Each structure stands twice: as C-alpha cells, then as structure tokens.
Amino acid sequence: MCGIIGYVGEQQALPILMDALRRLEYRGYDSAGVAVLDGGLQVVRKAGKLDELDKELAPSGLHGTTGIGHTRWATHGPPTDENAHPHSDCDGRIAVIHNGILENFLELRAELEAEGHTLGSDTDTEAIAHLIEAVYDGDIVAATRKALTRLSGAFSIAVVAAGEPDVVVAAKRTSPLIVGRGDHGTLLASDPTALIPYTRDVVHLLDDQVAVIRREGFEITTLDGAPAEGTAIHIDWDLEAAEKGGYDDFMLKEIYEQPGAVADSLRGRLRGGRLHLDEVRLSEEELRGIDKVFVVACGSAYNAGLVAKYAIEHWCRVPVEIDISSEFRYRDPVLGKDTLAVAVSQSGETIDTLEAVRHARRQRAKVIAVSNTVGSSIPREADGVLYTQAGPEVGVAATKTFITQMVVLKLLALYLAQVRGTIYPEEIARIVEDLESLEGKVETVLGSRQQVRGIAEEIHQAADVLFLGRHVGFPLALEGALKLKEISYIHAEGYAAGELKHGPIALISEGTPVVVVATQCHVYAKVIANIQEVKARGARVIAVATEGDTEVAKHADHVITVPSTHELLTPELVVVPLQFLSYEIAKMRGCDVDKPRNLAKSVTVE
Ligand code: M6R
Numbered sequence: 008m009c010g011i012i013g014y015v016g017e018q019q020a021l022p023i024l025m026d027a028l029r030r031l032e033y034r035g036y037d038s039a040g041v042a043v044l045d046g047g048l049q050v051v052r053k054a055g056k057l058d059e060l061d062k063e064l065a066p067s068g069l070h071g072t073t074g075i076g077h078t079r080w081a082t083h084g085p086p087t088d089e090n091a092h093p094h095s096d097c098d099g100r101i102a103v104i105h106n107g108i109l110e111n112f113l114e115l116r117a118e119l120e121a122e123g124h125t126l127g128s129d130t131d132t133e134a135i136a137h138l139i140e141a142v143y144d145g146d147i148v149a150a151t152r153k154a155l156t157r158l159s160g161a162f163s164i165a166v167v168a169a170g171e172p173d174v175v176v177a178a179k180r181t182s183p184l185i186v187g188r189g190d191h192g193t194l195l196a197s198d199p200t201a202l203i204p205y206t207r208d209v210v211h212l213l214d215d216q217v218a219v220i221r222r223e224g225f226e227i228t229t230l231d232g233a234p235a236e237g238t239a240i241h242i243d244w245d246l247e248a249a250e251k252g253g254y255d256d257f258m259l260k261e262i263y264e265q266p267g268a269v270a271d272s273l274r275g276r277l278r279g280g281r282l283h284l285d286e287v288r289l290s291e292e293e294l295r296g297i298d299k300v301f302v303v304a305c306g307s308a309y310n311a312g313l314v315a316k317y318a319i320e321h322w323c324r325v326p327v328e329i330d331i332s333s334e335f336r337y338r339d340p341v342l343g344k345d346t347l348a349v350a351v352s353q354s355g356e357t358i359d360t361l362e363a364v365r366h367a368r369r370q371r372a373k374v375i376a377v378s379n380t381v382g383s384s385i386p387r388e389a390d391g392v393l394y395t396q397a398g399p400e401v402g403v404a405a406t407k408t409f410i411t412q413m414v415v416l417k418l419l420a421l422y423l424a425q426v427r428g429t430i431y432p433e434e435i436a437r438i439v440e441d442l443e444s445l446e447g448k449v450e451t452v453l454g455s456r457q458q459v460r461g462i463a464e465e466i467h468q469a470a471d472v473l474f475l476g477r478h479v480g481f482p483l484a485l486e487g488a489l490k491l492k493e494i495s496y497i498h499a500e501g502y503a504a505g506e507l508k509h510g511p512i513a514l515i516s517e518g519t520p521v522v523v524v525a526t527q528c529h530v531y532a533k534v535i536a537n538i539q540e541v542k543a544r545g546a547r548v549i550a551v552a553t554e555g556d557t558e559v560a561k562h563a564d565h566v567i568t569v570p571s572t573h574e575l576l577t578p579e580l581v582v583v584p585l586q587f588l589s590y591e592i593a594k595m596r597g598c599d600v601d602k603p604r605n606l607a608k609s610v611t612v613e
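Oh and the sequence shown: position 81 is 88 in our numbering, straight run, nothing missing.
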C-alpha cells in the first residue's frame with residue numbers, strides 16, 4: 008500500500024528520495040514525507056501530493072547523504088500532516104517509515120503511553136519509533152531488532168537514527184521490501200519502480216529478515232542477527248511494466264493481489280475464534296437495539312452489499328433492505344434511531360452514497376461506512392467505519408475492493424451476530440476458521456486463469472451474455488455481468504436464476520453464453536434445473552461449481568471449479584473466475600481494461 012525508499016551513499020539523499028517517491032506515485036497515496044541525516048535528524052512530512060511536500064522543503068531543502076522517504080496510503084487515521092510518515096520517538100532522534108498493518112498496535116500504544124511516551128499521531132507506525140527508543144543505547148541495528156520482536160502483523164520498515172549517519176536499518180514481514188546497490192550508494196524500496204534508474208539487480212528480503220544498508224552495500228540477517236540471504240532478481244521490465252508489477256494491466260495485477268487484500272482485511276479483526284471490530288464505534292447496547300439494517304451502495308459495492316444482506320439476515324435474524332444509493336433518499340425509506348445504515352463505497356466519495364448517509368443521519372439512523380479510503384467523506388460523516396484493506400485500486404473495474412467489501416461486510420454481519428447472541432460461539436469460531444482459510448482458497452482459484460482464457464476464446468464475439476445465480480450466487484451473477492459490460496462493452500445481464508422463466512429465457516438461442524453460479528448450496532438442485540432449462544434452448548453453459556462436483560459436468564459445456572467453503576463465503580471464490588472471464592474477453596476485443604470508456608473511478612456527480 009504505502010511506498011518506501013531509503014538511500015545511503017555519496018550523493019545528496021533528498022533528490023534521490025524525491026525522484027523515487029515520484030516513481031511510486033502510481034500506487035496512489037495521500038501524504039508523503041522524508042527524513043535525512045546530517046549529523047542530526049531532519050524530518051519533513053505533509054498531507055497531500057508530493058508538490059505539497061516539495062513546497063514544504065523549499066527553499067533550502069535537506070542536506071545529507073542518508074535518508075528515507077515514504078508515500079502514505081492511510082490505514083490508521085486520516086491523511087493529515089501528523090499521520091504522514093516518517094514517525095519519530097519522543098526526542099525526535101529516531102525516524103521510521105512503514106508499509107503494512109500492525110495487529111497489536113493498540114496494546115503497544117497503551118503500554119508505551121503507560122511508560123511515559125507521548126504519541127502524537129493516530130498511526131500504528133508511531134509505536135515502532137517509540138519501541139525502538141525504549142531499547143536504544145546507541146546501536147540502531149540492535150535496537151530495531153529488539154523492537155521487531157514485539158510486532159505482530161504485516162510490515163516493511165526502514166529506520167534511521169540521528170547519531171548514526173551512515174546506516175539505514177530495514178526489515179520485513181509479509182509486506183514487500185527490496186534492496187539494491189547502485190553506482191553511488193545503496194538503496195531499499197517497497198517496489199522495483201523506485202530503484203530502476205539506480206540498479207536493476209535487487210534482492211527481495213524474506214519474512215523476518217533484517218537488512219543493514221550502508222554506503223558500500225547491504226547485509227541481510229535474521230531477526231537474531233544470523234547471516235541470511237534474500238532472493239536475488241534482475242528487473243528487466245521497463246518503467247510502465249514495473250508499475251504494473253510485470254502484469255499487462257493494473258486490473259490483472261489487482262486480481263492477483265486479492266489473496267493479500269483478503270488477508271489484510273482480516274488482519275487484527277479475528278482473535279481467539281471471535282470478532283474484534285473496535286472501529287465500529289457503536290456500543291454493544293446500540294448494536295443490540297438495531298431493529299433494521301439498510302445497505303446503500305452503487306455498482307459493485309451494491310453487489311457486495313446484496314451478498315451482505317444474505318449474511319446479515321441469516322446470522323443476525325434482523326431484516327435488511329438494500330438500496331441503490333441514488334434511489335434511497337427519493338423513495339422516503341422508513342428510518343429511525345434503531346436503524347443501522349451501512350454505506351459501502353471503495354472511494355468513500357460517491358456522491359449518491361454520501362447523500363444517502365446524510366439522509367440516514369438526518370433521520371437519526373446510525374451509520375457505518377465500509378470504505379477503502381481512509382479519511383474520505385463517507386467514513387468522515389458516518390458514526391463508525393470498517394476499512395477494507397485492499398490498498399489503492401488503479402483499474403476502474405472494482406476487483407480487490409469488491410472482494411474485500413464482501414469480506415468486511417461478513418465481518419460486520421458476524422460481529423452483529425456475536426453481539427446480539429444470534430449464533431452460538433462455536434459456530435462463530437467455525438466461520439472464523441473458514442474466513443481465515445479464504446486467502447489460500449482465493450490463491451487456488453487464481454489458478455483458473457488458463458482455463459478461463461480458453462472459454463473466453465470461444466465466447467468473446469458473443470453479442471449477449473447471461474449470468475445466473477441463486478441465493479448468494481445471484482449478486483455474483485450481477486457482478487459478473489457488470490464486470491463484463493463495463494470492460495468489454497458486451498451486453499450482459501445478471502439474473503436470479505429462478506426469474507429466468509419470467510422473461511430472460513426469451514433471450515436464449517443457439518450458442519448464447521450463459522454463465523451459471525452453481526456452487527454447492529441449499530438451492531443447488533434448483534440451479535441444476537435452471538441449467539437444464541437454458542441448455543434445452545441451445546445455451547452454451549459455463550458453470551462455476553465446487554471442486555469434486557460430478558453432477559454439473561453432465562449439464563454444462565464448461566465447468567470451472569472453486570474450493571469448498573462455507574456457503575455464505577463462496578462469493579469470494581466465485582468472483583475470481585468471473586473477473587478473469589471479463590478481463591480475457593475484453594483483452595481479446597482490444598479494450599482498455601484499466602480505463603473503460605465513459606467511466607470514472609470515483610463518481611462524484613449525481
Ligand atoms: O467508490 P464506490 O465503491 O462508491 O464506487 C461505486 C461504483 O461506482 C463502482 O463499484 C463501479 O460500479 C465499478 N466501476 C465497478 O467495477
């Protein structure tokens with residue numbers, strides 16, 4: 008999510024740091040900052056784009072040949088100067104930049120404050136600077152190693168200390184970090200794009216490795232200080248390919264980032280078989296008093312919200328209405344102080360959803376936002392917020408933000424059930440296990456791309472494609488159709504499979520592609536019957552089914568399988584082949600998948 012750069016060398020660090028940060032801009036960010044050592048430690052950080060930081064640095068700049076720089080994509084606390092990195096200790100002698108999410112930062116923060124440390128930001132990162140300070144006795148490498156043993160969660164960090172002018176310490180767990188030696192110094196970064204002008208031979212650190220960066224080179228060790236080796240690679244991509252991580256498009260990169268995005272969105276929220284959602288900011292008493300839930304959203308976020316309706320009603324036994332945001336306030340919905348409105352928006356800026364939030368609040372309803380953008384308008388105006396941790400999504404088509412919306416909405420549903428006591432704790436613990444296994448299962452489904460490409464070759468010239476599903480397969484049918492029309496410009500419709508006979512079946516003629524969500528569930532037999540109905544009328548059926556299903560192959564032309572999971576979690580797996588299908592078809596038709604015509608990433612007009 009965040010961008011990281013570090014340099015120790017013969018040249019002035021600041022121009023190198025700023026140049027690298029500019030090349031990391033494509034990742035998306037909301038604030039930036041640098042720290043440069045010149046005997047002392049100088050830190051400048053600013054909310055906003057790099058131009059804002061540039062203005063703050065002018066006219067004299069910072070002088071010194073060692074430094075670190077950061078572009079922030081907010082995860083804890085809004086984009087403000089105080090929350091921008093680098094973060095420092097109480098005396099301003101240690102500076103830390105961080106990419107990732109610490110799971111135990113609330114405990115660490117409480118402990119540090121009890122010991123007398125003063126923390127001035129909302130971030131998880133600042134705790135790292137104070138943890139290092141607490142054990143620092145003149146050796147920043149040793150102190151960083153000690154502090155790292157206290158961290159749980161995901162991180163890549165870089166650290167500098169005022170009294171040690173020629174060293175940067177870096178370490179990683181889960182989040183990426185690379186190091187490389189250039190002609191005039193040694194560098195570290197979160198992303199190869201930052202290093203391309205300096206070196207194309209880099210080393211990827213492995214989890215729980217520490218790199219000590221000095222002018223003449225770098226040394227990699229384990230957390231205990233034992234010699235270790237990372238993975239050396241030569242980057243032969245050009246800059247554009249590097250920004251896309253070697254993928255052809257941002258959309259494809261973002262599809263492949265989904266296992267990590269799912270894991271990040273669960274991080275710190277599941278402990279001991281229970282849900283911990285401190286960010287909801289509504290008391291348990293208030294949540295127990297809720298007698299109705301409204302979900303409001305647009306586009307893919309609406310489809311994620313529709314999946315959530317099934318989960319909330321099933322687990323919490325509370326009625327859920329779902330509205331397209333632009334319809335919500337004009338139909339005069341019945342809201343009151345015991346209504347919970349859940350506003351889902353990756354950008355947090357969609358104007359119709361924002362107006363729906365305002366309408367709900369005027370009617371005294373409680374509002375929880377689900378968003379991917381910390382500090383955006385919808386979370387700001389809501390009572391509570393649950394952030395998806397997908398990282399910036401560049402492609403216009405929602406992929407990793409859609410899957411994480413579904414995950415986070417399930418967390419909310421389960422949390423409501425936990426608070427209201429509508430499911431036994433053992434059942435919650437079982438579902439928590441299923442949630443924890445999602446990352447690996449999404450990874451498995453990414454293996455379907457080759458098969459899906461073959462299917463795309465067969466159907467990419469179709470004029471119409473129908474998507475069908477029942478129960479949670481229905482919102483997935485809507486999402487599959489939305490994705491296909493949005494990026495390939497093929498006419499596509501998503502329907503509840505049971506609605507077929509009430510009109511859409513007239514669309515089917517010889518060879519019409521019909522994509523059916525046919526995973527194992529309590530309405531599986533009915534879905535098979537629907538497949539038979541379309542097959543009898545000449546449809547070419549592409550079924551997404553559960554691994555081990557031998558029945559569906561008797562009726563469908565193609566079967567793509569996904570691993571078995573809890574019925575309400577199947578959408579997180581089914582969506583992946585649907586994304587691949589629209590992606591492959593759009594590419595075969597020569598469409599720009601990242602910037603489809605007529606569409607914008609954030610829709611801020613009604
Ligand atoms: O930022 P939001 O989640 O509020 O955006 C909602 C829709 O505009 C968005 O999901 C749109 O439908 C996507 N392009 C779908 O891929």
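For every residue, glycine included, the Cβ atom is placed at its ideal position computed from N, Cα and C.
From a predicted model like this one, the values you see are computed outputs, not experimental measurements.
{"query": "Using the beta-carbon count (16 or more within 10 Å), is Q468 buried or exposed?", "result": "exposed"}
{"query": "Could you please give the first and the last residue of the uninterrupted beta strand (DSSP E) stretch that includes Q624?", "result": "Given a span of 8 to 613 for the chain in the structure shown, any question on residue 624 remains unanswerable."}
{"query": "Taking DSSP as the reference, what is the three-state secondary structure of L475?", "result": "strand"}
{"query": "With distances taken Cα to Cα, identify the nearest neighbour of F225 among V176, D298 and V610.", "result": "V176"}
{"query": "Let me know the secondary structure DSSP gives T411 once reduced to three states.", "result": "helix"}
{"query": "Of the residues H211, T193 and H191, which one's Cα is nearest the Cα of P199?", "result": "H211"}
{"query": "Would you say the beta carbon of D198 is closer than 6 Å to some non-hydrogen atom of the ligand COA?", "result": "In the structure on display, the ligand COA does not appear, and the ligands it does have are the ligand M6R."}
{"query": "Just the Cα atoms here: how many angstroms apart are E486 and N310?", "result": "6 Å"}
{"query": "Going by alpha carbons, who is nearest to P195 out of P326, I220, V41 and K251?", "result": "Before going further, note that residue 195 is Leu rather than Pro in the sequence given. Considering only alpha carbons, the answer is I220."}
{"query": "Can you give me the Cβ contacts of A470 inside the same chain, cut-off strictly under 8 Å, excluding the 5 residues immediately before and after it?", "result": "I497 and H498"}
{"query": "Quick check on K561: buried or exposed, where buried means 16 or more other Cβ atoms within 10 Å of its Cβ?", "result": "exposed"}
{"query": "The alpha helix (DSSP H) with L60 in it runs from where to where?", "result": "L57 to L64"}
{"query": "For the alpha helix (DSSP H) that contains K299, what are its first and last residues?", "result": "No alpha helix (DSSP H) contains K299, which is instead part of the beta strand (DSSP E) from K299 to A304."}
{"query": "Indicate the three-state DSSP secondary structure (helix, strand or coil) for Y143 in the structure shown.", "result": "coil"}
{"query": "Are A376 and A350 touching if we call contact CB-CB under 7 Å?", "result": "yes"}
{"query": "Looking only at its own chain, which residues have a Cβ that is under 6 Å from the Cβ of L64, when we skip the five neighbours before and after it?", "result": "V51"}
{"query": "For the candidate residues S38, I75, G55 and Y36, whose alpha-carbon lies nearest to that of Q19?", "result": "I75"}
{"query": "Where R29 and L585 are concerned, what is the direct C-alpha to C-alpha distance, given to the nearest angstrom?", "result": "34 Å"}
{"query": "So, is R90 buried or exposed, given that buried needs 16 or more other C-beta atoms within 10 angstroms?", "result": "Per the sequence presented here, residue 90 reads as Asn, with Arg not at that position. Answer is buried; the Cβ neighbour count reaches 16."}
{"query": "Between A178 and V217, which are expected to be in contact by the criterion C-beta below 8 Å, what is the C-beta distance as a whole number of angstroms?", "result": "5 Å"}
{"query": "Would you mind reading off the limits of the alpha helix (DSSP H) that contains N537?", "result": "Y531 to K542"}
{"query": "Closer than 6 Å: is that where the CB of V610 sits relative to any heavy atom of the ligand M6R?", "result": "yes"}
{"query": "Kindly examine the ligand M6R and report whether one of its heavy atoms sits closer than 6 Å to the Cβ of C305.", "result": "yes"}
{"query": "Please check the pair V522 and I538, which I expect to be a contact at CB under 8 Å, by giving their CB distance rounded to whole angstroms.", "result": "In fact, because the Cβ distance is near 11 Å, the residues do not count as touching under 8 Å."}
{"query": "Below 8 Å on the Cβ atoms is my guess for A420 versus C528; work out the distance and round it to an integer in Å.", "result": "At roughly 17 Å, the Cβ-Cβ gap does not stay under 8 Å, so A420 and C528 are not in contact."}
{"query": "Quick one: what's F162 bridged to in DSSP?", "result": "G107 and R180"}
{"query": "Who are the near neighbours of R79 in its chain, counting only those whose CB is closer than 8 Å to its CB and skipping five residues on each side?", "result": "C9, Y36, D37, S38, A39, G40, P86, N90, A91 and H92"}
{"query": "Could you confirm whether any beta carbon from chain B is found closer than 7 Å to the beta carbon of L273?", "result": "Among the protein chains of the structure shown there is no chain B, as only one such chain exists."}
{"query": "For R614, count the other beta carbons within 10 Å of its own beta carbon; 16 or more makes it buried, fewer makes it exposed. Which is it?", "result": "The requested residue 614 does not occur in the structure, where the chain is confined to residues 8 to 613."}
{"query": "With A348 and V327 assumed to form a contact (beta carbons below 8 Å), what rounded beta-carbon distance in angstroms separates them?", "result": "Actually they do not touch by this definition, with Cβ atoms about 11 Å apart."}
{"query": "Where A201 and R207 are concerned, what is the direct C-alpha to C-alpha distance, given to the nearest angstrom?", "result": "10 Å"}
{"query": "Does the beta-carbon of A404, which I'm using as the reference point, lie nearer than 6 Å to any heavy atom of the ligand M6R?", "result": "yes"}
{"query": "Kindly provide the ranges of any beta strand (DSSP E) runs that are 3 or more residues long and lie completely inside the segment 261 to 335, ordered along the chain.", "result": "299 to 304 and 327 to 331"}
{"query": "Between which two residues does the beta strand (DSSP E) harbouring R29 extend?", "result": "No beta strand (DSSP E) holds R29; the alpha helix (DSSP H) holding it covers A20 to R30."}
{"query": "What's the call for Y14, buried or exposed, on a 16-neighbour Cβ count within 10 Å?", "result": "buried"}
{"query": "Touching or not, the segment 260 to 275 and the segment 579 to 596, by the rule of three or more beta carbon pairs under 8 Å?", "result": "yes"}
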